[in-house]
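Undergrad: Basically the numbering used here = 1-based index in the sequence shown + 22. C-beta: ideal position from N, C-alpha, C; glycine also. All of these numbers come straight from a predicted model, not from anything done at the bench.
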Amino acid sequence: VDQRPKYQQLLQHPFILESEACSFDLPEKRKLAGRIQEAEDRADEALSKCNNLDKVRTRLMHELEDAAVELERTRSELSNMDKKCKKVDATILEWKGKYDTASSTAESLTMELQKSNTECLNLKSTCEEYTVS
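1) Using three-state DSSP, classify D47 as helix, strand or coil.
2) Measure the C-alpha to C-alpha separation of K118 and S126 and round it to an integer number of angstroms.
3) What is the rounded straight-line gap between the Cα of R64 and the Cα of N73?
4) By Cβ distance below 7 Å, which residues in the same chain neighbour T148 in space, the five residues on each side in sequence not counted?
5) Distance, Cα to Cα, I38 vs H84?
6) Only counting the same chain, and skipping five residues up and downstream in sequence, which positions put a Cβ closer than 8 Å to that of C107?
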């Protein structure tokens, strides 16, 4: 009789291994095969979900990059518009100063004109008095 451990005996004689494997009853084999198939299906589903999630992640990363580029472009445009606004504000202040000066000059000239008109009327009145008399 062979004194080696049983697993070594089985390795030496594959037909013994097969015959012992056949000692499982058929329902157990089917049950194990079903479990293996279910596990493989779940693994395939998980892999499919991972692939889909990776595609979504990649798409979102591209969208994020596009949004970052758009944000930078918008910031640049905003900076340019801010510079233009400052120039317009400076021009408005300059023209407001010119308007105030012109308005002040016009006001003083109007007052002088009124004084001159008053003097003219006084002189006309005096002239009429001298010509009548």
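TA: Concretely, from the data shown:
1) DSSP places D47 in coil when its eight states are reduced to three.
2) Straight-line Cα distance between these residues: approximately 12 Å.
3) Taking the Cα positions, R64 is about 14 Å away from N73.
4) Nothing meets the Cβ criterion.
5) Legend: pLDDT at I38 = 48, less than 50; position of this residue unreliable, no value from coordinates given.
6) Around C107, the same chain offers no residue with a beta carbon nearer than 8 Å, after the five sequence neighbours per side are excluded.
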